[in-house]
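Student: Heads up: the sequence shown is residues 715 to 918, going by our numbering. Ideal placement from N, C-alpha and C gives every residue a C-beta, glycine not left out. Since this is a predicted model, take the numbers as computed values, not measurements.
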Amino acid sequence: MEASQRSGQTAAHYSQVAEAYIDLFGSPEQAEAEDRELIAAWAAQLRGPVLDAGCGPGHWTQFIADGDRPATGVDLVPEFLDFARRTFRKPNFLHADLAHLPFDDEQFSGVLAWYSVIHAAPADLPPILDELARVLQPGGKLLLGFFAGDQLEAFGHQVAPAWYWPPVHLGEILEQSGFGVLEGATRTRPTARTHGHLSAHKRA
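1) May I ask you to list the residues that DSSP assigns as paired with residue 786?
2) Who are the Cβ neighbours of residue 787 in its own chain at under 7 Å, not counting the five residues just before and after it?
3) Name, in chain order, the residues that DSSP records as bridge partners for residue 659.
4) Buried or exposed: where does residue 721 fall if 16 or more other Cβ atoms within 10 Å of its Cβ makes it buried?
5) First and last residue of the alpha helix (DSSP H) that includes residue 755?
6) To which residues of the same chain is residue 909 closer than 6 Å at the C-beta, ignoring the five residues directly before and after it?
7) Is there contact here, the region 816-824 with the region 729-738, by at least three beta-carbon pairs under 8 Å?
8) If I follow the unbroken alpha helix (DSSP H) through residue 882, where does it start and stop?
9) Which residues share a DSSP beta bridge with residue 811?
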């Protein structure tokens, strides 16, 4: 199966549960306080348009746009985009695959990929990261959220198969796509999967 078919299947699974997903995760206030603080601090560094890659229902796109930054969200799930367009007025929302973005080279000062590549199989991830690098300005910032694990392995996510990534391994793939890793951390909760994030910049 090709990567585009896999991403299409994942989008179809999310379409089936879109209403429940929006109820659970459709606003920044429903996220962890640490996530809001991290994304706010990351966005405060940016001076220019920002892309929310895999925006879901658009809540983080709006969160970024509330800081008076031009923000665009892209996703493959029509139900998420319909909700985002009805609910949030500042950002622009487009239907797009992360591996084939409809933007010019070096268009954005920052790209947020918050849990939007967790379903990408290891072989499918490098082309996505290459595409995120393509649309970033030199020196532009990427913030990536993911499920962290001691080894690279698939697990049965509630919606579609997903992957645990060792942060070091994921950082190496980012480096191969032209990024320099700036910072990373993991966070563990007793009843939740381990959260990881990596902040990186596009090397000039």
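Tutor: Reading off the structure:
1) DSSP, once it has assigned bridges, lists 765 and 806 as partnering residue 786.
2) 766, 769, 772, 775, 798, 805 and 807
3) The chain is shown from 715 up to 918; residue 659 falls before or after that span and cannot be answered.
4) buried
5) 747-758
6) Its chain contains 901 as the residues whose beta carbon lies nearer than 6 Å to that of residue 909, once the 5 sequence neighbours on both sides are disregarded; these appear in chain order.
7) no
8) 881-890
9) 814
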